Amino acid sequence: MVLLTPLMRVMTELSALHKHWQTDPRYGTARLGGDDIYAGDIRGHLWPSEATKAGKTGAHRFLILPGFTEFAEKYAHVACKMHDMGHDCLIIDWPGQGRSGHHGTTDLMVHCDKFADHIRALQALIKVAGWHRGTLHILGHSMGGHLALLACDRLSSRIGTVALSAPMIMPRPRPVWAIRLCGIVLGLFGRNRHYAPFTRLPSLDEVRVFHENNVLTTDKAGYEWQTKWFEEYPELRRYGASVGWVREAYRSAARYVANEAFLSALKMPILILSAGGEQVVSNAKMKLAASYLPNADFVTIDHAKHELFNETAEIDAQVWDHITRFWDRQGL
63 MVLLTPLMRV MTELSALHKH WQTDPRYGTA RLGGDDIYAG DIRGHLWPSE
113 ATKAGKTGAH RFLILPGFTE FAEKYAHVAC KMHDMGHDCL IIDWPGQGRS
163 GHHGTTDLMV HCDKFADHIR ALQALIKVAG WHRGTLHILG HSMGGHLALL
213 ACDRLSSRIG TVALSAPMIM PRPRPVWAIR LCGIVLGLFG RNRHYAPFTR
263 LPSLDEVRVF HENNVLTTDK AGYEWQTKWF EEYPELRRYG ASVGWVREAY
313 RSAARYVANE AFLSALKMPI LILSAGGEQV VSNAKMKLAA SYLPNADFVT
363 IDHAKHELFN ETAEIDAQVW DHITRFWDRQ GL
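The sequence shown begins at 63 in our numbering and counts up one residue at a time.
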């Protein structure tokens with residue numbers, strides 16, 4: 063009985079953990095309603111609107127671009143809302159994430175050599191979806207925001223609007239010069255596909271427990287929504303970046319998305335939402351990037367953390383209010 067009591071307590075806590083996301087109306091019934099499509103080993107999820115499925119034209123086509131380690135299922139609640147608005151949605155699992163395979167030395171690691179590979183993967187998926195003509199709109203989060211700006215450069219004439227949630231203009235760790243130098247040195251020793259130094263891999267039991275001081279969200283239901291998929295589909299879980307990924311993130315920031323010359327050439331309407339309690343990416347670089355963009359709105363959501371689409375209901379309402387008003391101003 064002495065041994066069983068702690069075990070029963072743990073089981074009770076784990077059971078209670080699931081109830082928050084299940085009872086939250088944003089997550090309880092949210093599931094992807096389209097079909098998976100593949101461009102080689104790159105998985106996407108294509109969810110056409112009811113109008114499009116009925117053969118009608120006029121629905122707006124949205125690319126949903128997830129962040130680092132993320133996967134299509136995590137954006138089910140976002141896609142559900144957009145589908146209800148009458149939009150067509152295409153979500154990508156970036157190379158090395160979700161169901162798009164593994165490129166590192168372990169199944170959990172996220173690795174890439176160049177973000178150009180991600181943009182080529184996105185273009186290939188767009189073609190498979192039959193979206194290779196016409197206007198595209200983008201909704202991107204974190205790393206997906208970084209890649210959205212690269213996609214805007216590559217597909218500039220086709221991009222209508224861009225809404226970005228806490229985009230990774232520059233990763234938060236400093237000093238930049240030291241991290242970039244370390245990456246170059248480790249690369250010379252053949253460590254590109256190995257974990258970045260000091261990476262600690264927590265167990266799933268650790269990850270699934272909500273703590274108020276976590277860097278992602280202030281909302282318990284939103285936090286649990288992100289981890290509950292790993293119990294249903296363990297193969298979706300990724301954690302930690304390779305040396306190569308870190309090198310590329312800082313290189314791409316310096317050369318492109320934090321560069322005034324690059325950003326000033328992007329003329330499309332862009333909305334950047336930042337989190338007041340941001341601890342993952344740099345808000346200062348985000349705001350500076352917005353000042354370089356010719357047609358950008360910059361908004362800070364007070365009291366929010368990095369995962370703006372997984373925050374409290376009150377913050378969630380603010381996020382969607384800003385996004386929908388931005389779309390309204392652009393005629394969407």
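All residues carry an ideal CB built from backbone N, CA and C; glycine is no exception.
These figures come from a predicted structure and were not determined experimentally.
**Request:** Report buried or exposed for His273, applying the criterion of at least 16 other Cβ atoms within 10 angstroms of its Cβ.
**Result:** Exposed.
**Rounded straight-line distance, which links the Cα of Lys347 to that of Ile363** = The straight-line gap from Cα to Cα measures roughly 16 angstroms.
**Asked** beta strand (DSSP E) containing Tyr100: first to last residue?
**Response** Looking at the DSSP string, the run of the beta strand (DSSP E) that includes Tyr100 is Asp97 to Ala101.
**Message:** Suppose you measure from the CA of Val190 to the CA of Ile181; what does that come to, to the nearest Å?
**Reply:** One C-alpha to the other measures close to 14 angstroms.
**Prompt:** If we count the other Cβ atoms within 10 Å of its Cβ and call it buried at 16 or more, is Glu310 buried or exposed?
**Reply:** Glu310 is buried by the Cβ-count criterion.
**Asked** Among the residues of its own chain, which have a CB less than 7 angstroms from the CB of Trp307, if the five just before and after it don't count?
**Response** Closer than 7 angstroms at Cβ, skipping near neighbours: Val172, His173 and Cys174.
**Item:** Distance between beta carbons of Lys367 and Thr279, contact taken as under 8 angstroms
**Value:** Contact holds; Cβ gap of about 5 angstroms.
**Message:** In the DSSP assignment, the beta strand (DSSP E) including Cys151 goes from what residue to what residue?
**Reply:** Asp150 to Ile154 is the extent of the beta strand (DSSP E) around Cys151.
**Request:** Report the rounded CA-to-CA distance for Gly117 versus Asp378, giving the unit in angstroms.
**Result:** Gly117 and Asp378: Cα-Cα distance of roughly 33 angstroms.
**Message:** How far does the alpha helix (DSSP H) with Ser336 in it extend, from its first residue to its last?
**Reply:** That residue, Ser336, is in no alpha helix (DSSP H); its beta strand (DSSP E) goes Ile332 to Ala337.
**Assigned exposure category for Gln341 - 16 Cβ within 10 Å defines buried** = Gln341 should be labelled exposed.
**Request:** Leaving out five residues on either side along the sequence, give the residues of the same chain with a beta carbon under 8 angstroms from the beta carbon of Gln392.
**Result:** Same-chain partners within the cutoff: Gly222, Thr223 and Pro331.
**Request:** Report buried or exposed for Lys329, applying the criterion of at least 16 other Cβ atoms within 10 angstroms of its Cβ.
**Result:** Label assigned to Lys329: exposed.
**Request:** Could you tell me the distance, in whole angstroms, from the CA atom of His82 to the CA atom of Tyr354?
**Result:** Counting only the Cα atoms, Tyr354 lies some 41 angstroms from His82.
**Request:** Check whether the stretch 114 to 132 touches the stretch 202 to 211, counting contact only when three or more Cβ pairs, one atom from each stretch, lie closer than 8 angstroms.
**Result:** A contact exists between the stretch 114 to 132 and the stretch 202 to 211.
**Message:** From the DSSP secondary-structure annotation, give me the bridge partner or partners of Gly202.
**Reply:** Answer by DSSP bridge pairing, in chain order: Leu127 and Leu226.
**Request:** Please go through the same chain and pick out, in chain order, the residues whose beta-carbon is closer than 8 angstroms to the beta-carbon of Leu298, but skip the five residues on each side of it.
**Result:** Around Leu298: Phe133, Glu135, Gly160, Arg161, Trp291 and Phe292.
**Prompt:** Quick one, which of Glu294, Met232 and Ile188 has its alpha-carbon nearest Leu217's?
**Reply:** Here the closest residue by C-alpha is Ile188.
**Request:** Could you tell me which uninterrupted alpha helix (DSSP H) segments, each at least 4 residues in length, are contained entirely in the stretch 159 to 204, listed from first to last along the chain?
**Result:** Those alpha helix (DSSP H) runs which fall completely within the stretch 159 to 204 and span 4+ residues are 177 to 190.
**Message:** Need the endpoints of the beta strand (DSSP E) that Ile385 sits in, please.
**Reply:** Premise fails: Ile385 lies in the alpha helix (DSSP H), Ala375 to Arg391, not in any beta strand (DSSP E).
**Prompt:** So, Leu184 versus Ile231, is the Cβ gap smaller than 8 angstroms?
**Reply:** Cβ distance not < 8 angstroms, so Leu184 and Ile231 don't count as in contact.
**Message:** Quick check on this structure: which residue in Lys115, Arg123 and Val140 has the alpha carbon closest to the alpha carbon of Thr91?
**Reply:** Comparing Cα-Cα distances from Thr91 to each of Lys115, Arg123 and Val140, the minimum goes to Val140.
**Item:** Reduced DSSP secondary structure (H/G/I, E/B, other) of Leu108
**Value:** If DSSP states are grouped into helix, strand and coil, Leu108 belongs with the strands.
**Request:** Select from Asn275, Leu263, Gly163 and Leu125 the residue whose C-alpha is nearest the C-alpha of Ala213.
**Result:** Considering only alpha carbons, the answer is Leu125.
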